[in-house]
Amino acid sequence: DTNTFASASLDRSIKVWGLGSAVPHYTLEGHERGVNCVDYYPSGDKPYILSGADDRTVKIWDYQTKSIVHSLEGHTHNVCAVMFHPKLPLIASASEDGTVRLWQSTTYRAETTLNYGMERAWALAAAKDSNKLAMGFDEGCVVVELGSDDPVASMDATGKIVWARNNEIKTAKVSGLASDDIPDGDRLPVLPRDLGSCELYPQMLKHNCNGRFVAVCGDGEFIIYTAQALRNKAFGQALDFVWSGQGTGDYAIRESTTHLKIFKNFKEGASIRPATASADGLFGGHMLGVKGGDSAVLFYDWDSGEFVRKIDVAPKEIYWSDAGNLVLIACEDSAYVLSYNAQVTQTAIQMGNVSPEDGIDGSFDLMYEIPENITSGKWVGDCFIYCNNAGRLNYSVGGQIQTLQHLDTSAAGTTQHTILGYLAKEDRVFLIDKTLAVTSYKIMLAVLQYQTAVMRGDFDSANQLLPAIPETEYTTVARFLESQGFKEEAMAVTTDPDHRFDLALELGHIDVAHEILDNTPDEDKDSIETMAKWKRLSDAALKVSDFDLCESASIASNDFPGLLLMYSATGNLHGMEKLAKAAAEGGKTNVAFLASLLIGDVEACAEILISGSRLPEAAFFARTYLPSRLDEIVALWKDDLSKTSESAANALASPTSNPDKFPDHAVALQVEQMFMAQRDSTKETGIPSSDYPTAKDDLDLDLIELIKSRQAQIVDEDDPAKVDAEIVLGGADAQAAQAALQ
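When we follow full-length UniProt numbering, the leftmost residue of the sequence shown carries the number 1, and every step to the right adds one.
Written as C-alpha cells, this is what we have:
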C-alpha cells in the first residue's frame, strides 16, 4: 500500500502510519532498546516488516498479527541498517560492529558475515534486478555480487523450458517459435505459464533424461516434481543432486563430503563412500562423477556403484553425449574430450577386475583437448556445441573448432548466455541469457553429421549426407573440408566464388582460377578485391611460366611494375610501348618514365617530367639525352622559378644565352641525331640479343669525344658539310658509335 509507511524510534517502538491521518494505525513493540531502521518485504505475498535496533537484534514482524515472526541474533553492537534483498531470499543487516550479516529469509539461517575492516557499517542498498549489494562504512563503500546470476533453467528434448525466478517456477514452449522471420539471435516471443511456487529457493533446476521429471535443489534440500504439473514426486536432504543419463527415476545425491546415495526408479540403491578426502560435488550423465578435493574426478557405475576411473583434473562441469560414448570434462582454462568404452567397463565389473586405486584400465581414452573456458554446452551426436567465457558460440568436431556467432558480453567481457539445448527437427540451438531472454541460432544437423563422418574418415556416409545439406551451407562444409586438408573436395563443394578461387590457386589450378575471374560480374570487375585476385593469378601464372596468362592477368589488374619486369626480361618492345602509354594514363609516371627510357623514347620521358612539374629534373635529363630541347625546358624552369626567386631564376644558364657554358653542345646535337636515326631504323625489327657479345663494349664509348677526335682527323677542313656527312654516314668509328647508341 503506497499510502502506508513505517517509522522507527529510539523509544523502542515501530509505528505504522497512513498518509491521511496524523495518528498511527498501530504500534509494534518488542525491542529492548531504540529501533534504528525498518524495511518492508519487497513483494506482497508476505506481510512482513524488518527492524534493527540498539539491542543488537534484527526482528521480523507480521504486521497483520502484530507479532514477532523471528528474531535474528549475532551482531555485537547496534544494528544501523536492515533490508530484504529485492531479488534473492536474503536479509542483510549492517552494524556498528563493522560487519554486514546475511540471513536466509525463509529459514532465517545465518549465511555469512562480511567484514572489510572499514569501521562501522551504516547503510545498505541493492539493485532491483541484480545480485549486487552496496554497503556503506565509516571509511568507504563496498559493492559485492551475491552468488551467481546465471539463469536457473532447463529444456527437455521437445523444446519445453522450465525456469525459476526466485521461488516461482514458470514454463514455456519454444519449439516452432524460431521462424525464418525472426533473425538468429533475436529474442523469441516466449509466452510463459506459471507452474507454481517452489518450497525452497532453487539454485539448480534440471530435467531427467526423458523430460518427465524436473529436480530442484537448493538450501541443502532437493525436490523432484512432475514436469507437466509440478506435482511433488520425491524430496530429501542433499548438498548436490544429479540425474542419471538412463532410467526415468535414477538419480544420486551427496549427503555429505564423505557419503553419496544412488536411487534407482526413486528407490534407494547403492551407497558410496568415494575414495577421496572430500567429495565436493556431483556430475550426472551415463556415469556418476564425483568431484574430489584433490583436483580430480572419480567415475562410478550407476548400477553397481563400482569405482570405474579417476581422472586427475579439476572439473567445473561434465557433459555426456546422448549415446554415452563421449564425455567432455570442462575445466577452468581447458576442456578434455574422452571416449568411454562401456563394453570394457561392464566386462571388468562382471569379472571383478576392478582396482580399488586405479579403477578399470581402458575404460576412458583421451581423444583431444579444447583450449577454451567452456561455460555451457550440448552434445549433438559426436559434435559438441558450446559457449565460452569470451562470449562466442562455437562447436567442435574432432577437435576442430568452428565459430558460429559472437554473442553479447558483460562489461567485463564475459558471456551472458547459457545453452539450453538443441532441437534436431528445427536445426536450432537455444540459449538463455541472464535476463531470461531466449534466443536461437540455426545449425544444420546434416552439416554436423557430415562433418562428423569426415572426421571419422567415412566418406561414403559423408557423400550420402551431402544431398541433404542445402546449397546455402555448402561453403560452410567446404571450409571445414579445407581445414581438414581435403582441398580438392572443398573446391568441388563450395559455392562461394572467392573461396573457390583461393582453393584453385592453392591447388595450382590456374585455369580454373582464370575462368572464375573471367566470369566476374561487370559491376565487380573494377573493384579492389578483383584487381587483387588478378594480381595473385598473374603471380601464380609466372611461377609455372605461363607468360601469356601472366601478361593478361597483369593487364587486367593494372600491375604496371609486374608488366615492366616481364617485358624487360622478355625483350617485348611493343609490349613496353603499350605499357608506357597505359602507365602514363593510369598516373603511374615512375613506370611510364622507366618504360619510355628503356625503349629509347626520350621525348616521352621529357614530357613526363615536364607534365609532373619536375622541371629541374627535366632540364638535366635534356642536358644528357635530349639537348635539342634544352633551351625550351630551361626557359620553362626559369619562368617557374621566378615566381619564388628572381635572382635564382636569372642564375640559370642555357645554350642560347650562355653558349660558353656548353662547349660541346653542338656535338651533343649531332649525337642526338645519330641516336634518333638509329632508333627509328630499328624500331620495327628491334636489335637481336645475339649482337650483345660484340656490342657490349661499345656501351662504354664516350660518343662526344669520339666525334671530336674524328673531326680532328678530317683533312678537308674547308667543307663542314662533308665532315658532318662523314661523321653521320660513314667510317668505322661512326658505325661503332651507332652500335653503341643501340
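By construction, the Cβ of each residue, glycine as well, lies at the ideal position given by its N, Cα and C atoms.
Enclosing alpha helix (DSSP H) for residue i [first to last residue]
| i | result |
| --- | --- |
| T495 | Unbroken run through T495: none, as it is neither H nor E. |
| A53 | Careful: A53 lies outside any alpha helix (DSSP H), inside the beta strand (DSSP E) at 48 to 53. |
| T345 | 342 to 351 |
| Q64 | Careful: Q64 lies outside any alpha helix (DSSP H) and carries neither H nor E. |
| S596 | 589 to 598 |
| S552 | 547 to 556 |
| Y474 | 474 to 483 |
| Y567 | 560 to 570 |
Given residue i as reference, the closest of the options once Cα atoms are compared
| i | options | result |
| --- | --- | --- |
| G247 | F266, H509, G571 | F266 |
| K683 | Y625, G457, H574 | H574 |
| T472 | G485, A8, V447 | V447 |
| P521 | G136, P497, E506, A504 | P497 |
| L706 | F307, R309, V667 | V667 |
| G196 | G185, R187, V216, P183 | V216 |
| I169 | L436, W534, S554 | L436 |
| V512 | W534, E529, S175 | W534 |
| A270 | F307, A296, L239 | F307 |
| S396 | D502, K543, T452, W61 | T452 |
| I272 | F283, G562, A252 | A252 |
| D303 | K316, D250, E145, I311 | D250 |
| S95 | T112, F137, Q64, L366 | F137 |
| T345 | D559, R623, R309 | R309 |
| K261 | T276, K233, V242 | V242 |
| V162 | A134, V144, R212 | R212 |
| W225 | H207, L239, D240, G218 | Looking at the sequence shown, residue 225 is not Trp but Tyr. Cα-wise, what sits closest to Y225 is H207. |
| A234 | F263, H259, T257 | F263 |
| D361 | E369, A622, S339, R710 | S339 |
| L205 | V190, I349, D156 | D156 |
| W103 | M118, F547, H70 | H70 |
| G44 | A468, Y26, S483, Y63 | Y63 |
| F384 | L404, R101, S13 | L404 |
| D301 | S244, P86, T257 | S244 |
| residue 812 | K696, I704, D691 | Nothing about residue 812 can be read from this structure; the chain reaches only from 1 to 742. |
| E73 | V58, M83, A584, K87 | V58 |
Helix, strand or coil at residue i [DSSP, three-state]
| i | result |
| --- | --- |
| A721 | Confidence at A721 is low in this model, with a pLDDT of 47, below 50, so the placement of that residue is unreliable and no value is reported for it. |
| W302 | coil |
| I360 | coil |
| A252 | strand |
| H665 | helix |
| N463 | helix |
| V715 | In this prediction, V715 scores a pLDDT of 43, lower than 50, which makes its location untrustworthy; the coordinate-derived value is nonetheless stated afterwards. The answer is coil: DSSP assigns V715 none of H, G, I, E or B. |
| A323 | coil |
| N210 | coil |
| V671 | helix |
| G575 | helix |
| A69 | Reading off the sequence shown, one finds Val at residue 69, where the question assumed Ala. In the structure shown, V69 sits in a strand (DSSP, three-state: E or B). |
| T57 | strand |
| S611 | helix |
| G284 | coil |
| L205 | strand |
The beta strand (DSSP E) enclosing residue i, as first and last residue numbers
| i | result |
| --- | --- |
| F241 | 240 to 243 |
| A121 | 121 to 126 |
| C217 | 213 to 218 |
| T171 | 168 to 173 |
| M155 | 152 to 155 |
| R165 | 160 to 165 |
| R193 | 193 to 197 |
| D311 | Per the sequence shown, the amino acid found at residue 311 is Ile instead of Asp. Counting along the chain, the beta strand (DSSP E) containing I311 begins and ends at 307 to 311. |
Bridge partners - residue i, DSSP secondary structure assignment
| i | result |
| --- | --- |
| A94 | A81, V100 |
| L366 | L338 |
| K15 | S7, T27 |
| I329 | I318, Y336 |
| F235 | I223 |
| V142 | M135 |
| L114 | V100 |
| S271 | K261 |
| C605 | C605 is not bridged to any residue. |
| S355 | G359 |
Length-filtered (4 minimum) alpha helix (DSSP H) runs lying within the region 374 to 456 = 445 to 456
message = Going residue by residue through the region 487 to 545, where are the continuous beta strand (DSSP E) segments of at least 3 residues, counting only ones entirely within it?
response = none
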